[in-house]
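Q:
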Amino acid sequence: RKEVEQDPGPFNVPEGATVAFNCTYSNSASQSFFWYRQDCRKEPKLLMSVYSSGNEDGRFTAQLNRASQYISLLIRDSKLSDSATYLCVVADTPLVFGKGTRLSVIA
Amino acid sequence: DGGITQSPKYLFRKEGQNVTLSCEQNLNHDAMYWYRQDPGQGLRLIYYSQIVNDFQKGDIAEGYSVSREKKESFPLTVTSAQKNPTAFYLCASSIGENQPQHFGDGTRLSIL
Numbered sequence: 066r067k068e069v070e071q072d073p074g075p076f077n078v079p080e081g082a083t084v085a086f087n088c089t090y091s092n093s094a095s096q097s098f099f100w101y102r103q104d105c106r107k108e109p110k111l112l113m114s115v116y117s118s119g120n121e122d123g124r125f126t127a128q129l130n131r132a133s134q135y136i137s138l139l140i141r142d143s144k145l146s147d148s149a150t151y152l153c154v155v156a157d158t159p160l161v162f163g164k165g166t167r168l169s170v171i172a
Numbered sequence: 156d157g158g159i160t161q162s163p164k165y166l167f168r169k170e171g172q173n174v175t176l177s178c179e180q181n182l183n184h185d186a187m188y189w190y191r192q193d194p195g196q197g198l199r200l201i202y203y204s205q206i207v208n209d210f211q212k213g214d215i216a217e218g219y220s221v222s223r224e225k226k227e228s229f230p231l232t233v234t235s236a237q238k239n240p241t242a243f244y245l246c247a248s249s250i251g252e253n254q255p256q257h258f259g260d261g262t263r264l265s266i267l
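So the sequences go chain by chain: A and B.
Just so you know, my numbering puts 137 at position 72 of the first sequence, and the rest follows in order with no gaps.
Just so you know, my numbering puts 191 at position 36 of the second sequence, and the rest follows in order with no gaps.
Right, here's the structure in full:
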């Protein structure tokens, strides 16, 4: 099966910091990409889709680099409530989930 | 409200027993999926179905079975052949195979 690789972390950052996660994927033909957020002992929830031109949703920015086969998620002005595991997802058939990067935002 | 409902939230299995986890969706999604998640680990795909009366094995199908007799329902049976069933089981659905998946809130299965 196609692979999706993420740095497992944990990333421990102070409130207000900017943090970035990268994710690499193996299938150069993949067309759709997503970021999910999973809180401890909860189900994953869709955070944002990743478009080829990059996209922004408030403090969150997602970017795609097809040439290097990686996608990134940037979180600005980190809040305590951003503490979670962030899953990178690549649309093969079916979707391929990375194992996630754990973020802890510290007061 | 549309969504995915998994039941029960917690389930206990005795040795040698089969148990069935329920997953129902009213989102009119064609595709449904079952994942297993162990503590501190990522999601692993058990089975998926892209259309009624059809399903495919995922990465860890051994010891599990599914059916897809109705569009809304995709039950998962954990058989006695699954020797280490203790895990968090997540059901998901999507409009199509390459579309974002929406998850139920999961079932935690434990061995008595």
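For every residue, glycine included, the Cβ atom is placed at its ideal position computed from N, Cα and C.
Using a Cβ-Cβ cut-off of 8 angstroms, state whether Glu252/B counts as contacting chain A.
A: Closer than 8 angstroms: yes.
Q: So which residues on chain A does Gln180/B lean against when the C-beta distance must stay under 7 angstroms?
A: Neighbours of Gln180/B on chain A: none; closest Cβ ~13 angstroms, over 7 angstroms.
Q: For Asn208/B, which residues from the same chain have a beta carbon less than 8 angstroms from its beta carbon, with the 5 sequence-adjacent residues on both sides left out?
A: The answer, listed in chain order, is Arg223 and Glu224.
Q: So the candidates are Asn183/B, Gln237/B and Tyr165/B; which of them puts its Cα closest to the Cα of Ser177/B?
A: Measuring from the Cα of Ser177/B, the nearest candidate turns out to be Tyr165/B.
Q: Suppose contacts are defined by Cβ-Cβ distances below 8 angstroms. Is Thr166/A in contact with Pro109/A by that definition?
A: The answer is no: Cβ separation not under 8 angstroms.
Q: Since Gly81/A contacts Ser143/A with CB under 8 angstroms, what's their CB separation in whole angstroms?
A: At roughly 6 angstroms, the Cβ-Cβ gap stays under 8 angstroms, so Gly81/A and Ser143/A are in contact.
Q: Tell me, to the nearest whole angstrom, how far the beta carbon of Ser91/A is from that of Lys67/A; I am working on the premise that it is less than 8 angstroms.
A: Rounded, the Cβ-Cβ distance is 5 angstroms, consistent with contact.
Q: Residues of the stretch 106-117 of chain A with a CB closer than 9 angstroms to any CB of chain B: list them in chain order, please.
A: Residues Arg106, Lys107, Glu108, Pro109, Lys110, Leu111 and Ser114.
Q: Among all the DSSP beta bridges, which residues are the ones paired with Asp209/B?
A: Asp209/B is bridged to Ile206/B.
Q: Helix, strand or coil: which one does DSSP assign to Ser228/B?
A: It is a strand residue.
Q: For Gly259/B, count the other beta carbons within 10 Å of its own beta carbon; 16 or more makes it buried, fewer makes it exposed. Which is it?
A: Buried, because 16 or more other Cβ atoms sit within 10 Å of the Cβ of Gly259/B.
Q: By DSSP, does Ser265/B sit in helix, in strand, or in coil?
A: Looking at Ser265/B - three-state DSSP - the assignment turns out to be strand.
Q: Nearest to Val173/A by CA position, among Val84/A, Ser133/A and Phe99/A, is which residue?
A: Residue numbering for chain A in the displayed model covers 66 to 172; residue 173/A lies beyond these limits and cannot be assessed.
Q: Measure the alpha-carbon distance for Gly251/B versus Asp185/B and round it to whole angstroms.
A: Cα-Cα distance, rounded: 6 angstroms.
Q: One question on the structure: do Asn181/B and Gly213/B come within less than 8 angstroms of each other, judged by their Cβ atoms?
A: Not closer than 8 angstroms, so no.
Q: State the Cα-Cα distance for the pair Asn77/A and Ile171/A, rounded to the nearest angstrom.
A: Taking the straight line joining both Cα atoms gives about 7 angstroms.
Q: Using a 10 Å radius around the Cβ and a threshold of 16 neighbouring Cβ atoms, would you call Gly83/A buried or exposed?
A: In the sequence on display, residue 83/A carries Thr and not Gly. So Thr83/A ends up on the exposed side.
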